[in-house]
Amino acid sequence: MLYYLFRFLEQFNIPGAHIWSYISFRALLALILSLIISAWFGERFIKWMKRRNISETARDVSIDPFGVEKKGVPTMGGIIIIVSILVPVLLLGRMRNIYLLLMIVTTIWLGFLGFMDDYIKIFKKNKDGLKGIYKIIGQVSIGFIVGLVLWLSPDAVVRENVSEPQQNKQEIVVKHKTEAVKSLHTTIPFIKNHNLNYSDIMSFCGDYKVAAGWILFVLMTIFVVTAVSNGANLNDGMDGMCAGNSAIIGVALIIFAYVSSHIVYAAYFDIMYIPGSQELVVFLSAFVGAMIGFLWYNAYPAQIFMGDTGSLTIGGIIGVCAIIVHKELLLPILCGIFFIESLSVIIQTQWFKIQKRKGKRVRVFRATPIHDTFRRLDSQLDQTSTYILKGWPHRPFHESKITIRFWITTIILVALTIITLKVR
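Below, the structure written as structure tokens:
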């Protein structure tokens, strides 16, 4: 809203009105505003929740070797995150931008899905929350909507990069096609000619390979949104863990969105130029600000938990942003922590089922998601089960140390992801 107001005032030569056309100004302002909102609104929201005794079920103190009991801590802190993202974006973003609209819809959709899960846990006293099938349906639905819009919207276009060797054949200049087109290309990390075309994968469909490629793209979008959303949800198990990791990942996405929206930088890094993706920089700046602001209250010892209201939304935002800037194949590196958390749960569950059919109770890890393994003592394990990695790690760690080490790991993964722009 403020963007359109000051662009209107610019016509009357109002001093300073032109600055609102700069993406860097609006992005930094969104970052600052989201920080202020999360700090101001967060304090009042926590007090309001405590007055009404709306809190997470107390964690069993026996699972923590340090005997830390978390009782009476409010949940649904994801509401703070969502408000801190949407208010700056609505004030500072260009609301006619298709990518910004998709991000807003994703935030509200998954925020509502997570809210329903938390609501059932707290007010209906059902510790399982929303049935898993309904969560999956909600995640698949928003993935389908995003994929379909990116397929059908005339505004979701790119200018593909083309490498042109010079006359001396020793230098290659990257240029972009003059015509913006619908594109099924996505970036493959560490590969020199690093654009993968989904329609090429479906070349066996003959004349229908392009349509089949778009169907594959929609399915890929559904998978990415669902996988990253669930990965963030699993990572949300320690104070500050998910918020800190997500803020770091958000910085990388800001860089990808900015270079993709700048034709000179896009040519320098040999990536697709995506007109309009600069509005993602504003959204992601608000996202990072909201994450950092939420850490003010969520860092150990947490004054509030984000709940599924926050974690499902965070994962969805990251997944959709990666899809829009055509960097979804970088997610296993960028969101490596989320990937490992999910993989640990899958391995633990499936291996236990396989062994149970043989009449054995064998588990791989002490506990899953994997971050819980690092705070469990051998004496706290199920004595009726055998553990393949029972002696690892050798001693338990305090959750604040685990959280910070996971943050450091994410920083390394983010740096590696950014390096893929040049290392091929």
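Going by my numbering, the first residue of the sequence shown is number -13, and it counts up by one from there.
By construction, the Cβ of each residue, glycine as well, lies at the ideal position given by its N, Cα and C atoms.
As summarised for the stretch 183 to 231, there are no continuous beta strand (DSSP E) elements at least 3 residues long confined to that stretch. Cβ neighbours of residue 102 within its own chain (closer than 7 Å, five residues either side excluded): 116.
Contiguous beta strand (DSSP E) elements confined to the stretch 91 to 161 occur at 147 to 151, taking only those with 3 or more residues. Bounds of the beta strand (DSSP E) holding residue 171 are 171 to 173. Annotation for residue 25: the continuous alpha helix (DSSP H) segment containing it runs 9 to 37. If the five residues before and after residue 372 are omitted, its C-beta is found closer than 8 Å to the C-beta atoms of 346, 347, 348, 349, all from its own chain and listed in chain order. In the structure shown, the three-state DSSP call for residue 41 is strand. For residue 310, the enclosing alpha helix (DSSP H) stretches over residues 293 to 310.
The stretch 383 to 391 and the stretch 354 to 365 touch, with no fewer than 3 CB-CB distances between them shorter than 8 Å. With contacts defined by Cβ atoms closer than 8 Å, residue 13 and residue 268 form a contacting pair. Between the stretch 61 to 76 and the stretch 286 to 301, the count of C-beta pairs closer than 8 Å reaches three or more; the two stretches touch. For residue 167, DSSP records a beta bridge to 144.
Between residue 86 and residue 265, the beta carbon gap of about 4 Å places them in contact (Cβ cut-off 8 Å). When C-alpha distances from residue 309 are compared across 29, 15, 210, the shortest belongs to 210. Assignment of beta-bridge partners to residue 85 by DSSP yields no partner.
Residue 69: member of the alpha helix (DSSP H) spanning 64 to 78, first to last residue. The stretch 375 to 409 contains, as complete alpha helix (DSSP H) runs of 4+ residues, the segments 385 to 405 (chain order). Three or more pairs of CB atoms, one per stretch, sit closer than 8 Å, so the stretch 266 to 286 contacts the stretch 15 to 34. Listed in chain order, the non-local C-beta contacts of residue 128 below 7 Å within the same chain comprise 92, 95, 96, 211, 302, local neighbours out to five positions each way being set aside.
Rounded to the nearest angstrom, the Cβ distance from residue 323 to residue 396 is 5 Å, consistent with a contact under 8 Å. The Cβ atoms of residue 227 and residue 146 lie no closer than 8 Å to each other. For residue 272, the enclosing alpha helix (DSSP H) starts and ends at 264 to 284.
By the 16-neighbour rule on beta-carbons within 10 angstroms, residue 184 is buried.
Contact between residue 298 and residue 238 does not hold, since their C-beta atoms are separated by about 21 Å, which reaches or exceeds 8 Å. Your pair residue 335 and residue 175 does not check out as a contact, with CB atoms roughly 29 Å apart and the cut at 8 Å. Residue -12 and residue 317 have their C-alpha atoms some 34 Å from each other.
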